[in-house]
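I have placed the structure first, in the form of C-alpha cells, so that the comments after it can refer back to it.
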Amino acid sequence: MKTLTFCFDHPVAVKVFFNCVSNPEIKHEIKFLRSNEDGSLVIPVEDIPGGSWKVLLEWNYEGRDFCMERNIKIPGAILS
C-alpha cells in the first residue's frame, strides 16, 4: 500500500488536499484524517494516479491555524 507519513509533536486532525501538478485541472477528494496518539499521520495514496502532486495539510492546534505544503511524485501511470 502506498502511503505518505508525517510526524507531529502532538496528535492532530487534518484536512488533506491533493492538487495534481502534472495536470492542474485534476483535483482529488479532500481527506479528513486523524493522527495516532503519538502524532504519526499516515495518509493512504493508493487511489491517487501517478504523477506530480502538491499535498496541502491544514489543521488547528491550541487555537492556532497551521498549514504545510509538500510536493510529491506518485509512481505509476502519469496523468497528462
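Number 942 marks the last residue of the sequence shown (the working numbering); no jumps. Ideal Cβ placement from N, Cα and C applies to all residues, glycine included.
- A distance of 8 Å or more separates the beta carbons of N881 and W921.
- In this structure, DSSP gives H890 an extended state, which the three-state scheme calls strand.
- Counting along the chain, K877 sits inside the beta strand (DSSP E) bounded by residues A875 to C882.
- The beta carbons of G901 and V874 sit about 7 Å from each other, so the pair counts as a contact at 8 Å.
- Of the residues I888, K889 and L903, the one whose Cα lies closest to the Cα of L895 is L903.
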